[in-house]
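Novice:
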Amino acid sequence: MKYQLFTYDTDERTRAGLTLGSDWFDLASLAGITGHDGLTDVGVDDIVARWHITAPQLDALVAEVGANRDRFAGEALDSASLVLCSPLVRPGAIYAAGANYRDHVEAMGRALNQKVVLDPKKEGIPPWHFLKAGPATLAGHRGEVIAPANAERLDWEAELAVVIGRRARAVSVDHALEYVAGYMCANDLSARDLGIRTRVDPTSPFRFDWVGHKCFNGSCPLGPVFTPAQFVESPENLDIRLWCNGELKQNSNTRNHLYGVADQIAYLSSRIDLLPGDVILTGTPAGTGTESGVFLKRGDVLKVSIEGLGELETRIV
1 MKYQLFTYDT
11 DERTRAGLTL
21 GSDWFDLASL
31 AGITGHDGLT
41 DVGVDDIVAR
51 WHITAPQLDA
61 LVAEVGANRD
71 RFAGEALDSA
81 SLVLCSPLVR
91 PGAIYAAGAN
101 YRDHVEAMGR
111 ALNQKVVLDP
121 KKEGIPPWHF
131 LKAGPATLAG
141 HRGEVIAPAN
151 AERLDWEAEL
161 AVVIGRRARA
171 VSVDHALEYV
181 AGYMCANDLS
191 ARDLGIRTRV
201 DPTSPFRFDW
211 VGHKCFNGSC
221 PLGPVFTPAQ
231 FVESPENLDI
241 RLWCNGELKQ
251 NSNTRNHLYG
261 VADQIAYLSS
271 RIDLLPGDVI
281 LTGTPAGTGT
291 ESGVFLKRGD
301 VLKVSIEGLG
311 ELETRIV
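If you're matching positions, the sequence shown starts at 1 in my numbering and goes up one per residue.
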């Protein structure tokens with residue numbers, strides 16, 4: 001039976017929750033009622049950190065609740081009033097893939113009038129990743145993100161987020177997906193004009209500023225829920241879309257990945273161990289603001305939708 005995990009805010013602290021069908025439950029309450037003591041006082045980060053132990057416990061809990069839905073009906077939360085956080089509030093490293101959708105690379109090549117490589121894997125070019133900063137970059141569903149000061153080219157990037165559930169060291173492509181705990185929707189917000197140090201000589205190798213470009217408060221909305229990998233048949237065939245103020249901007253499918261999720265895990269793990277709670281943002285499809293020259297302004301509302309993973313909404317303020 002499919003379930004998803006979420007994190008919500010209370011007056012005292014954040015708490016873990018579990019969705020089952022249309023019902024949203026407090027995980028600790030369910031675990032306490034059913035006697036699954038290992039799940040009574042943990043957050044989603046703790047669950048992912050011990051995924052090999054907690055995943056079977058969650059399966060057992062969900063089976064019990066699913067078989068006795070009437071008994072647990074009174075335990076459901078009012079989902080409309082929940083203040084959702086990023087499902088992970090203490091992620092490990094956040095890796096992000098650049099130029100990883102064929103349609104996006106083609107569109108960027110046209111927009112920038114540049115010759116681009118449309119099949120880098122075939123030419124032996126490895127994947128390209130950068131790092132986003134940690135918890136300060138996170139925002140939850142319906143979160144408000146403050147536009148960075150002096151950013152006039154604030155852009156959106158709908159992405160599939162992959163959460164690692166086991167230590168991965170030099171794993172093969174064939175076995176890479178065995179190390180995935182689950183998936184989420186993500187939006188890699190990007191301050192394009194802050195990525196260039198304007199007072200530095202244009203020929204300088206120190207001209208680029210990836211922190212200014214990619215790492216500001218709220219620049220990595222995640223959510224609304226965490227979907228365990230067992231409920232995603234393939235991460236390489238998921239519809240992915242983004243709307244800005246109700247206007248469809250990005251409309252693609254993860255089959256357009258130049259490097260699939262397994263390729264990226266294998267490559268990254270050949271350079272550094274991937275640890276439980278690490279997140280990989282796997283690239284964005286065509287339709288970003290850079291391609292059209294239209295960028296975000298205060299008051300804009302973004303919605304990212306990925307097939308089977310939910311819809312993630314963000315407001316720019």
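Note that beta-carbon positions come from the ideal geometry of N, C-alpha and C, so glycine has one too.
All figures in this text were calculated on a predicted structure; none of them were measured in a lab.
#1: Helix, strand or coil: which one does DSSP assign to Val317?
#2: Just to confirm, are Ile196 and Ala181 a CB contact at a threshold of 9 Å?
#3: Exposed or buried, Gln250, counting other C-beta atoms within 10 Å across all chains shown (16 or more means buried)?
#4: In the DSSP assignment, find the unbroken alpha helix (DSSP H) run with Gly66 in it and report its ends.
#5: Measure the alpha-carbon distance for Asp201 versus Phe208 and round it to whole angstroms.
#6: Between which two residues does the beta strand (DSSP E) harbouring Asp26 extend?
#7: Can you check the region 191 to 269 for any beta strand (DSSP E) of at least 3 residues that lies completely inside it and give the ranges in chain order?
#8: What number of angstroms, rounded off, separates the C-alpha of Leu312 from the C-alpha of Asn217?
#9: Tell me the DSSP bridge mates of Val279?
#10: Does the separation of the CB atoms of Asp45 and Leu82 fall below 9 Å?
#11: Nearest-angstrom Cα distance between Asp300 and Thr314?
#12: Straight-line CA distance for Val304 to Ser190?
#13: Among the candidates Val171, Tyr179, Asp188 and Ala107, whose CA atom is the shortest distance from the CA of Val211?
#14: With distances taken Cα to Cα, identify the nearest neighbour of Glu236 among Gly260, Pro221 and Leu242.
Specialist: The short version:
#1: Coil, per DSSP.
#2: For Ile196 and Ala181, no; Cβs fall outside 9 Å.
#3: Burial check for Gln250: the Cβ neighbour count within 10 Å reaches 16 or more, so the residue is buried.
#4: Annotation: the continuous alpha helix (DSSP H) that includes Gly66 extends over Trp51 to Ala67.
#5: Cα to Cα, the separation comes out at about 11 Å.
#6: Run containing Asp26: Asp23 to Asp26, per the beta strand (DSSP E) assignment.
#7: Within the region 191 to 269, the complete beta strand (DSSP E) runs of at least 3 residues are 220 to 228, 239 to 244 and 247 to 253.
#8: Roughly 17 Å between the two C-alpha positions.
#9: Partner(s): Ile94 and Val163.
#10: No, the pair does not count as a contact, with Cβ atoms beyond the cut-off.
#11: As the crow flies, the alpha-carbon of Asp300 is around 8 Å from that of Thr314.
#12: Cα atoms of Val304 and Ser190: separation of roughly 15 Å, rounded to the nearest angstrom.
#13: When only C-alpha atoms are compared, the closest one is Asp188.
#14: Measuring from the Cα of Glu236, the nearest candidate turns out to be Gly260.
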